[in-house]
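K.L.:
Numbered according to the numbering used here, the sequence shown spans residues 236 to 514. Quick one: structure below, then a few questions.
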Amino acid sequence: MSNGQLAFLGGGNMGRALIGGLLRRGTRPEHISVGESFAAARLSLAADFGIQATDNNAAAAETASVIVVAVKPQIAGEVLAPLKPLLQRTRPLVISIAAGIRTMALEGWCGAGVPVVRAMPNRPALVGAGATGLYAPASVSNAQRSIAEKVMQAVGEVVWVSEEDHLDVVTALSGSGPAYFFLLAELLTQGATDLGLEPTAARRLAIATLHGAGQLAYSGMQTGDGDLAKMRAEVTSKGGTTEAAVKSLESADLRAIVARALEAATRRGRELAEQFGAS
Ligand SMILES: NC(=O)c1ccc[n+]([C@@H]2O[C@H](COP(=O)([O-])OP(=O)(O)OC[C@H]3O[C@@H](n4cnc5c(N)ncnc54)[C@H](OP(=O)(O)O)[C@@H]3O)[C@@H](O)[C@H]2O)c1
236 MSNGQLAFLG GGNMGRALIG GLLRRGTRPE HISVGESFAA ARLSLAADFG
286 IQATDNNAAA AETASVIVVA VKPQIAGEVL APLKPLLQRT RPLVISIAAG
336 IRTMALEGWC GAGVPVVRAM PNRPALVGAG ATGLYAPASV SNAQRSIAEK
386 VMQAVGEVVW VSEEDHLDVV TALSGSGPAY FFLLAELLTQ GATDLGLEPT
436 AARRLAIATL HGAGQLAYSG MQTGDGDLAK MRAEVTSKGG TTEAAVKSLE
486 SADLRAIVAR ALEAATRRGR ELAEQFGAS
């Protein structure tokens, strides 16, 4: 990612996370420009990363071969449409992380011939441990896909999906996923407190367990097949404590509860996309 100019439109939480990750991986600050409307955010980008930030999106995008759209979905059109003549002239690769905004809308704002890739990152990207789903229409070349992949790998794991609709499932799984694990850790904290542990001790143990289980599963995925049922079996001795808890969860139909939750999130993602995603 060290060649060519990379422009960010929006230097908020996600934009900053990506910029930090790219710099850590060797992209030079002078190769990144940012269009950002909020003055305090521009100052902190300059102070923290030594990056040129401007309130003029066209100036930020002028020489870019890759543009990352990192503004809220509601304003993606407002930000991109005025740049159409510039984009038609320069034909950069546009990577949008604006949740729910369909490629058809993005292509409409950018104009024909501008390759568009959609990315759905999640909040752990802020600490470099993100999970991103990527989708590109067939017109996007392998070389362009590989650039998009490298940009998003700056904040963690990247997985391609073959159909645009699947990004709504990615949103339900990894986009919203951190909240599910936080909820489980909250419930474990409460349960342990009810059984007599000090609340602070219970919370620390719950969070450390969340962290440790995540690390163990992730290293299992990198070194092997990431078989979660096998990893679970390794902590579940026959007749032991884990087995007692898992049996209790299964008898309460946890599988169906989780399936319904994912369906609800996917459905809601589609409803929100209908609101903002149309061109
Ligand atoms: N944060 C997450 O966990 C997460 C996860 C997955 C996907 N996403 C997606 O990533 C995108 C960005 O999210 P975020 O959390 O980074 O949002 P954010 O922190 O609000 O960042 C958006 C930034 O864009 C700036 N902006 C607003 N209007 C602009 C304009 N006309 N030109 C240039 N910059 C402008 C905003 O400035 P102002 O403050 O002045 O408005 C803000 O600094 C969203 O589409 C979101 O759906 C975020």
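Think of the CB as a built atom: it goes at the ideal place given N, C-alpha and C, for glycine as much as any other residue.
Can you give the Cα-Cα distance for S331 and G246, rounded to whole angstroms?
P.N.:
13 Å
K.L.:
For ligand 2, I want to know if L489 counts as a neighbour, meaning its beta carbon is within less than 7 Å of at least one of the ligand's heavy atoms.
P.N.:
Absent from the structure shown: ligand 2. Ligands present: ligand 1.
K.L.:
Using a threshold of 7 Å, is the CB atom of V314 nearer than that to any non-hydrogen atom of ligand 1?
P.N.:
yes
K.L.:
If you drop the 5 nearest sequence neighbours on each side, which residues of the same chain put their C-beta closer than 7 Å to that of K465?
P.N.:
none
K.L.:
Beta carbon of N292: closer than 7 Å to some heavy atom of ligand 1?
P.N.:
yes
K.L.:
Could you check what DSSP says for G412 in three-state terms: helix, strand or coil?
P.N.:
In the structure shown, G412 sits in a helix (DSSP, three-state: H, G or I).
K.L.:
Alpha carbon to alpha carbon, how far is S514 from T501?
P.N.:
Because the pLDDT at S514 is just 43, under 50, the model does not fix this residue reliably, and the value given afterwards should be weighed accordingly. C-alpha separation (whole angstroms): 21 Å.
K.L.:
Going by C-alpha distance, which of V404, R259, V329 and L489 is nearest L241?
P.N.:
Comparing alpha carbon positions, the residue from V404, R259, V329 and L489 closest to L241 is V329.
K.L.:
Where L497 and V404 are concerned, what is the direct C-alpha to C-alpha distance, given to the nearest angstrom?
P.N.:
8 Å
K.L.:
To which residues of the same chain is S237 closer than 8 Å at the C-beta, ignoring the five residues directly before and after it?
P.N.:
Confidence at S237 is low in this model, with a pLDDT of 43, below 50, so the placement of that residue should be treated as unreliable; the coordinate-derived value is given next. Taken in chain order, the residues that qualify are G261, T262, R263 and H266.
K.L.:
Check the DSSP bridge columns for A242 and list the partner residues they point to.
P.N.:
S268 and I302
K.L.:
Let me make sure I understand the geometry here. Which of R358, Q323 and L258 has the alpha-carbon closest to that of G412?
P.N.:
R358
K.L.:
Could you round the C-beta distance between G365 and W344 to whole angstroms and report it? I think they count as a contact, below 8 Å.
P.N.:
Wrong, their Cβ atoms sit about 25 Å apart, outside the cutoff.
K.L.:
Compare the C-alpha of V390 against each of F416, M355 and L322 and name the closest.
P.N.:
M355
K.L.:
I want to check one thing, is the minimum distance from the CB of P317 to the heavy atoms of ligand 1 below 7 Å?
P.N.:
no
K.L.:
Alpha helix (DSSP H) containing R380: first to last residue?
P.N.:
Start and end: N377 to Q388.
K.L.:
Taking the alpha carbon of L445 as the point to measure from, which residue in V314, A299 and F416 has its own alpha carbon closest?
P.N.:
F416
K.L.:
Should V306 be listed as close to ligand 1, given that the test is whether its C-beta is under 7 Å from any heavy atom?
P.N.:
Under cutoff, so the answer is yes.
K.L.:
Mind pulling the alpha helix (DSSP H) runs of 4 or more residues that sit fully within the region 391-474?
P.N.:
401-405, 412-429, 434-458 and 463-469
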